[in-house]
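Just so you know, the protein sequences line up as chains A and B, in that order.
Here our numbering is used: the first residue of the first sequence is 25, the next is one more, and so on.
Here our numbering is used: the first residue of the second sequence is 6, the next is one more, and so on.
As structure tokens, the structure follows; a few thoughts come after it.
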Amino acid sequence: MRLLLVEDELEIQSFLRRSLEEAGFEVDVAGDGRTAELVAIENDPDILIVDLGLPDQDGIALIHRLRQLGVSSPVLILSARRSVDDRVRGLEQGGDDYLTKPFALAELLARLRNLLRRKPVAGNEATHLQILDLELDLLRREATRSGQNLLLTPQEFILLEYLCRNAGRVVTRSMILDQVWGMRIQPDTNVVDVHIYRLRGKVDGPGQSPLIRTLRGVGYVLKDR
Amino acid sequence: MSSKTGNPSIRSAAWRISLWATLAFALGTMVVFNFLHRFVAVDLQRRSDAWLSGEVEVLGEVAERTPNDALYGQIVSEVAKLAGKELPDKAFSDRSADGSVFFLQTGTDGSPRLWVGAGGGERVLQAIRAGKILSGQPADLAVAGVAVPFRVVSLPVADGSSIYLGLSERDELRVMGKLRLRFFLLWLLINLLGFAIVFLTTRQMLNHVLKISEAASGIGLSDLATRVPTSRRNDEVAHLALTLNHMLERIERSMHQLHTITGSLAHDLRSPLTAIRGQLERSLSAVSADEQAEPIVSAIEELDRLTEFLNTSLDVAEAKADALRLTPSEIDLDELMVAMIDLYEPSMAEKGLHIRLRSRGPLRITADVGLVHRMLANLFDNELKHLPAACTVTIELKGQDQAALLMLSDDGPGFDPEVFPYLFERRVKGKGSHGHGLGLAFVEAVVRAHSGSVSAGNREGGGAMISVSFPVAFQPHAGLKESV
Chain A
25 MRLLLVEDEL EIQSFLRRSL EEAGFEVDVA GDGRTAELVA IENDPDILIV DLGLPDQDGI
85 ALIHRLRQLG VSSPVLILSA RRSVDDRVRG LEQGGDDYLT KPFALAELLA RLRNLLRRKP
145 VAGNEATHLQ ILDLELDLLR REATRSGQNL LLTPQEFILL EYLCRNAGRV VTRSMILDQV
205 WGMRIQPDTN VVDVHIYRLR GKVDGPGQSP LIRTLRGVGY VLKDR
Chain B
6 MSSKTGNPSI RSAAWRISLW ATLAFALGTM VVFNFLHRFV AVDLQRRSDA WLSGEVEVLG
66 EVAERTPNDA LYGQIVSEVA KLAGKELPDK AFSDRSADGS VFFLQTGTDG SPRLWVGAGG
126 GERVLQAIRA GKILSGQPAD LAVAGVAVPF RVVSLPVADG SSIYLGLSER DELRVMGKLR
186 LRFFLLWLLI NLLGFAIVFL TTRQMLNHVL KISEAASGIG LSDLATRVPT SRRNDEVAHL
246 ALTLNHMLER IERSMHQLHT ITGSLAHDLR SPLTAIRGQL ERSLSAVSAD EQAEPIVSAI
306 EELDRLTEFL NTSLDVAEAK ADALRLTPSE IDLDELMVAM IDLYEPSMAE KGLHIRLRSR
366 GPLRITADVG LVHRMLANLF DNELKHLPAA CTVTIELKGQ DQAALLMLSD DGPGFDPEVF
426 PYLFERRVKG KGSHGHGLGL AFVEAVVRAH SGSVSAGNRE GGGAMISVSF PVAFQPHAGL
486 KESV
């Protein structure tokens, strides 16, 4: 996967580059809009990360220019603003995504994967999800572990489904809030943890190897190995 | 607002102004007329007095020279009748009614010797006897049975008798009456005309003022690009409009500056925060032992709290300055509240708290989804953090007129009376609170930005209550577009 990172802050540039490379991306870096245009045309990246505050031009303008130049790959917008302006919203509807600084690396990676997954039309989705001995019937909304029905509430099922779809990858609390409850909030209480704790109580029965792992300060991961 | 239909308040103001102006004008003209009236009356009387004095002297001479014989009466009465035909102000005199002039001669004993005039003259004689007429000095004489008084002058004759010449004041009064009537009509006309002119001009001017105030009241929140209407006339109202527009320009500029400052502040702080958080996360993935991870994890958590604090402070600051950027869409509060309760219920149950929702079905408002989510999360977090176990939180939703009411109450200890007056201020928090003290300030900021209202208090039976009211049809103005 080839990724173009357009970011002028050197600190952010360097840690992002290393983290992205560790995650398996082939990373090109551009510090300003002009370089970004040249690199994008030359390397034809699969995905782009564009910071809105570039030294030579507005990030949104750059994205529109790249689109005109025939670069159709999805873009993850990094914004230093917490309020999302209409232009970003427009891009979001066009298939791109945005993330406000500061962000969790796990969330950045998850959003990148989502963007890449969106690219081929995700049409005939599976009706079943299976992670190790955990099985989810997406039509009947039932989950079983080792053949035993877990008796989940509808909300718990949605949460578990989200974890399964991201099995093996870290999901953060704000990702869970965004994707499962549809809210971009940062509660300063442990609301998400309690949900996970309850879910874990049902999924990881006594004697079974725990599937849901907590990565403190980062988020959660559903083990797939 | 069309100027034809007029606005009640404008009309009343225009009415008031024109009424007072007309009243002042009417009183002024009345005083002037009173002065003129007196002047004319005095002048008329002077002229009739001059006539009387002249005629009585002629008559006195005739009476003296004419021998006192049978012809005396005839001669004197002829002269008296002739004199009556040379009345002053003939133009106004009405000849048809006789009796405007009388002549009376009395003997030394006061008995009547000669009478020329209408009727027998006894009443005149009685009036003269009753009154005191000094010789040569014209005086008013009211005669019983005659409506109009006479102006009478007397003259002693050498033979000891006295002659009296009287002139009815009828003509004089008629002149004055006509003058009064004409003046009154003219006065009425001028005042009506003045009233109409003042009313129309005032209304026109006030209409302009009203348009300015309507435009000005529409400006606010984030809409500062609009200007009040100006007129081509170079009067005070036009000047006011221009001044307002200048002021708006200055406000818009400083508001823009505020946006730029908060924007760059946010940017300048966020970049290092991002870098720090990234580095911490990377080092976290490099360590395996939990003991080593612990300080890194708590550093990340502190960093996230700092970020949240930064976000909320900027939001509160911008909302206080009416500069919060909103992206409104339709929200069903009922549905949202169910989702919120679903999210918070497990944590509340863990703490031994109960939560109840009283709602009568869908309650739609137009608002910024992200801000409303964060506002509700703030309210729920507050309850979760401050309520002791076994308490119940009740949320009530209802539509009232054009507003959606959200009432959140609990049966806990209520608000600390010490912080009570400052609940919605920034940096205020109760004893033992670990929050950043922005919770309710943020709630108020969001509600304000949506033209709603919020109040908080302690319930009578104990426990806190927060009541939030959102207008159902909130229509924000087009916000300021600023470059990133």
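Ideal placement from N, C-alpha and C gives every residue a C-beta, glycine not left out.
This one's a predicted model, so the numbers in the text were calculated from it and none came from an experiment.
Per DSSP, reduced to three states, the secondary structure at S167 (chain B) is strand.
Ranked by Cα distance from R169 (chain A), the first of A:E159, A:P178, A:G57 and A:T177 is A:E159. With a cutoff of 8 Å on beta-carbon distance, R135 (chain A) and L78 (chain A) are scored as not near each other. Secondary structure note for V53 (chain A): its beta strand (DSSP E) is the uninterrupted segment E50 to A54. Here P367 (chain B) is exposed: its Cβ has fewer than 16 other Cβ atoms, across all protein chains shown, within 10 Å. Relative to S96 (chain A), the option among A:L86, A:S103, A:D75 and A:R105 whose CA is nearest is A:L86. A contact is defined here as three or more CB-CB pairs under 8 Å, and the region 337–352 of chain B meets this definition with respect to the region 209–225 of chain A. Interface annotation for the region 209–230 of chain A against chain B: I209, Q210, P211, D212, T213, N214, V215, V216, D217, V218, H219, Y221 and R222, criterion Cβ-Cβ distance under 9 Å. Residue pairing for Y244 (chain A): DSSP places it in a beta bridge opposite A:V195 and A:T238. Relative to Q131 (chain B), the option among B:L109, B:L263, B:S140 and B:E62 whose CA is nearest is B:L109. Beyond the five residues adjoining it in sequence on each side, A461 (chain B) comes within less than 8 Å, by CB distance, of F420, L428, F429, L445, A469, M470, I471 and S472 in the same chain, given in chain order. Between F204 (chain B) and S23 (chain B) the beta-carbon gap is near 4 Å, inside 8 Å, which marks them as a contact. In terms of Cβ geometry, Q407 (chain B) and F39 (chain A) do not form a close pair [threshold 8 Å]. In the structure shown, the three-state DSSP call for G77 (chain A) is strand.
Shown here, A144 (chain B) sits in a strand according to DSSP, grouped into three states. Taking a cut-off of 8 Å on C-beta distances, the region 29–47 of chain A touches the region 67–74 of chain A, as three or more cross pairs fall below it.
Short of 7 Å from the beta carbon of E449 (chain B), and not among the five residues preceding or following it, lie these beta carbons of its own chain, in chain order: F429 and V459. The residue from A:L246, A:Q179 and A:L156 with its alpha-carbon nearest to that of L187 (chain A) is A:L246.
In chain order, G141, P143 and V158 place their CB closer than 8 Å to the CB of S58 (chain B), counting only its own chain and leaving out the 5 sequence neighbours on each side. Contact between L308 (chain B) and I281 (chain B) is confirmed by a C-beta separation of about 6 Å, below the 8 Å threshold. Nearest neighbour of Q50 (chain B) by Cα position, chosen from B:D145, B:M35, B:L32 and B:V121, turns out to be B:D145. Among the residues of chain A, those whose CB is under 7 Å from the CB of T312 (chain B) are P126, following chain order. L389 (chain B) counts as buried, since no fewer than 16 other beta carbons sit within 10 angstroms of its beta carbon. Contact note: I36 (chain A) reaches chain B through S276, T279, A280 and G283, using a C-beta cutoff of 7 Å and chain order. Excluding its 5 nearest sequence neighbours in each direction, E177 (chain B) has C-beta neighbours in its own chain below 6 Å: L49, listed in chain order.
Here N463 (chain B) carries a strand assignment [DSSP, helix/strand/coil]. Distances from the CA of W205 (chain A) to each of A:V194, A:G192 and A:E185 were compared; the closest alpha carbon is that of A:E185.
Going by DSSP, F475 (chain B) is part of no alpha helix (DSSP H) but of the beta strand (DSSP E) stretching over A469 to P476.
Less than 8 Å separates the beta-carbon of V321 (chain B) from that of F447 (chain B). Among the residues of chain A, none has a CB under 7 Å from the CB of G417 (chain B); the nearest is roughly 16 Å distant. Contact annotation for V242 (chain A) against chain B: E286, L289, S290, V302 and I305 [CB-CB distance below 9 Å, chain order]. When CB distances to chain A are screened at a threshold of 8 Å, the residues of the region 382–416 of chain B falling below it are A382, F385, D386, L389 and K390, in chain order. Around the CB of L64 (chain B), 16 or more other CB atoms lie within 10 Å, so the residue is classed as buried. Annotated three-state conformation of R282 (chain B) is helix, per DSSP. With fewer than 16 neighbouring CB atoms inside 10 Å of its own CB, L32 (chain B) falls in the exposed class.
A Cβ-Cβ distance of about 26 Å is found for the pair L274 (chain B) and E257 (chain B), leaving them out of contact under the 8 Å criterion.
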